[in-house]
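Numbering (the working numbering), first residue to last: 24 to 109. Just so it is clear, CB atoms sit at the ideal spot from N, CA and C, and this is done for glycine as well. Working notes for the structure below.
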Amino acid sequence: TVMESVPEDEENINTLAGMLRAKYMTQRTGPEVVDLLNARRQMRGERLVEYARSLREIGERGDVGEDWLVNAFLKGMSSNEGATHV
């Protein structure tokens, strides 16, 4: 298995998650990730915490700063009034 190549003292969920990300998650350029963030909108009935989690997952695909995540979050909120209060 994949974990057979890992020293026993490093066998944990974080090591496994990192290995799986490296193998299966394609890293994208900053502009590609920004485009994905800007395209993502809060869906009807989606809680803000779920929407934020989704944006974080998109952000992990490349190297983008927190400011991009915050801007995408506010821009994509389904309620303009809510975005003003946040």
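Alpha carbons only, please: which of the options is nearest the one belonging to residue i?
i   : options                : result
K46 : S102, R84, G99 and V57 : R84
Which value, in whole angstroms, describes the spacing of the CA atoms of residue i and residue j?
i    : j   : result
Q65  : L43 : 27 angstroms
L97  : I36 : 32 angstroms
E73  : R79 : 10 angstroms
A62  : N94 : 12 angstroms
G12  : A40 : The question about residue 12 has no answer here: the residues shown for the chain are numbered 24 through 109.
R51  : L59 : 10 angstroms
D198 : E33 : An answer regarding residue 198 cannot be provided, because it is not within the stretch 24 to 109 covered by the chain.
G68  : L92 : 21 angstroms
E55  : V29 : 32 angstroms
D86  : M48 : 13 angstroms
G88  : S77 : 15 angstroms
Between which residues of its own chain and residue i is the CB-CB distance below 7 angstroms, once the five residues before and five after are set aside?
i    : result
H108 : The pLDDT assigned to H108 is 49, lower than 50, so where the model puts this residue is not dependable; a value taken from the coordinates is nonetheless given after this. There are no such residues.
Once the 5 residues before and after residue i are set aside, which same chain residues still bring their CB inside 6 angstroms of it?
i   : result
G82 : L92
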